[in-house]
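So for the sequence shown, our numbering puts the first residue at 2; every next one is plus one. Even for Gly, the Cβ is constructed at its ideal location relative to N, Cα and C. Small disclaimer: the values here were computed from a predicted structure and weren't measured.
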Amino acid sequence: MSRNSTPDVQFDADGQLRHLLTIDGLNAETIIDILDTAESFISIGQRRIRKVPLLHGRTVVNLFFEPSTRTRTTFEIAAKRLSADVINLNASRMSTSKGESVLDTVRTLEAMHTDMFVVRDGSSGTAHLIARHVPAHVHIINAGDGRHAHPTQAMLDMFTIRQHKGAFDQLRFAIVGDILHSRVARSQIHALNILGAREVRVIGPQTLLPTEIERLGVTAFTNMDDGLSDIDVIMMLRLQLERMEGQLIPSSQEYFRLYGLTSERVARAAPDAVVMHPGPMNRGLEITSSVADGERSLILPQVTNGIAVRMSIMAKLMGSQPQTLEPEP
Ligand code: CP
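Okay, structure coming up:
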């Protein structure tokens, strides 16, 4: 986990954001610009006709080599609200399952005049690889690559935090669970530090905390009750059993006993603390239903905000800003 793993691929020669591959390397101004633009897209979701012509005539391909519910669907809705043409592809129906390379699949789709690829893959670096091989007019968004990065999830999380809690420099954050395998945690840590969070903690069993995680600017805790003390925003993670090699947790029951988020544990945090989870969540393992469905939970607002934030990112990369929006007739 280097602090600046992709210094230039994301930007064009003029320093404009061309792809969104990772939060690492962005500055606060860029992130805030994306969040501010997303604010203006929230209202489009509340209109009778939820569509604007910003990406009319553009083609977006959702290229998902790994399962997804939230990310794929909200990208599709976001692109359609911007009036783009959207094609959804998933691994089981793609020629990669017949031995074609990812780059040959991308070149084939590019030949059909695709303007943007939204890419999810189980291997770290796939979106970067594609970004290095596409022509200048094609844009790549990383929709999650291996354990590396999930930048649009972190952006929608930052949007939701700002919407509900305000200034980052006043807030203490705890990211809880399987930090080791989590692309979401890495992107959240980068985003929170870039935005000037007062404190960022990670909480989990030693086996699920990367070595030298403190180098990313966080404090590590293995005791959840200690780690939650005074926390304003509790950010839960999914236990990524499919990425685990060997027995990294003693048992599901023991994991829940030590790291499951219960109402009693929420009470250890600040009195007005909020709870987030990127989903998909495992009730009774990572979080109880009373917390997930409780009044402190921002889990469904995260999903809803994902549409406006992804609209903002797509519009920014393609150079179409909402100043050109027509008011609703
Ligand atoms: N948070 C997230 O990436 O969820 P999906 O796997 O459903 O897209």
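Contact belief for residue i with residue j at Cβ below 8 Å, rounded distance in angstroms
| i | j | result |
| --- | --- | --- |
| M282 | M236 | Their Cβ separation, rounded to whole angstroms, is 12 Å, which puts M282 and M236 out of contact at 8 Å. |
| I312 | A79 | It is worth fixing the name first, because residue 312 is Met in this sequence and not Ile. Confirmed, Cβ separation roughly 4 Å. |
| F76 | V135 | At roughly 18 Å, the Cβ-Cβ gap does not stay under 8 Å, so F76 and V135 are not in contact. |
| K166 | L157 | Not confirmed; about 14 Å, so no contact. |
| L262 | E287 | 7 Å |
| S291 | S264 | 6 Å |
| N143 | L21 | 6 Å |
Minimum Cβ-Cβ distance from residue i to chain C less than 8 Å
| i | result |
| --- | --- |
| R49 | Included in the structure is just one protein chain, with no chain C present. |
Check: residue i C-beta below 7 Å from any heavy atom of ligand 1
| i | result |
| --- | --- |
| P281 | yes |
| S102 | no |
| H151 | yes |
| M70 | It should be pointed out that residue 70 corresponds to Thr in this sequence rather than to Met. Yes, since a heavy atom of ligand 1 falls inside the 7 Å radius drawn around the Cβ of T70. |
| G145 | yes |
| R258 | no |
| Q154 | yes |
| R73 | yes |
Contact under 8 Å by Cβ, residue i with residue j
| i | j | result |
| --- | --- | --- |
| L217 | I176 | no |
| D86 | T106 | no |
| V219 | I190 | yes |
| V234 | A221 | no |
| D116 | V139 | yes |
| E215 | F174 | no |
| I308 | G46 | yes |
| V304 | R71 | yes |
| T38 | Q322 | yes |
| R94 | V53 | no |
| I232 | L210 | no |
| A192 | A155 | yes |
| L36 | M159 | yes |
| T109 | V103 | no |
| L64 | L90 | yes |
| P251 | V185 | no |
| S183 | Q241 | yes |
| V310 | T153 | yes |
| I88 | V62 | yes |
| F257 | G285 | yes |
Cβ neighbour criterion (16 or more within 10 Å) applied to residue i
| i | result |
| --- | --- |
| A198 | buried |
| Q207 | exposed |
| H149 | buried |
| M113 | exposed |
| T212 | exposed |
| S298 | buried |
| D146 | buried |
| S188 | buried |
| D294 | exposed |
| Q254 | exposed |
| D25 | buried |
| G100 | exposed |
| G16 | exposed |
| T7 | Unreliable positioning characterises T7 in this predicted model, as indicated by a pLDDT of 44, which lies under 50. The coordinate reading is nonetheless provided below. T7 is buried by the Cβ-count criterion. |
| H129 | buried |
| R49 | exposed |
| L301 | exposed |
| T161 | buried |
| E67 | buried |
| R19 | buried |
| G178 | buried |
| R163 | buried |
| P272 | exposed |
| A316 | buried |
| A168 | exposed |
| E30 | exposed |
| A268 | exposed |
| G205 | buried |
| A270 | buried |
| E296 | exposed |
| E111 | buried |
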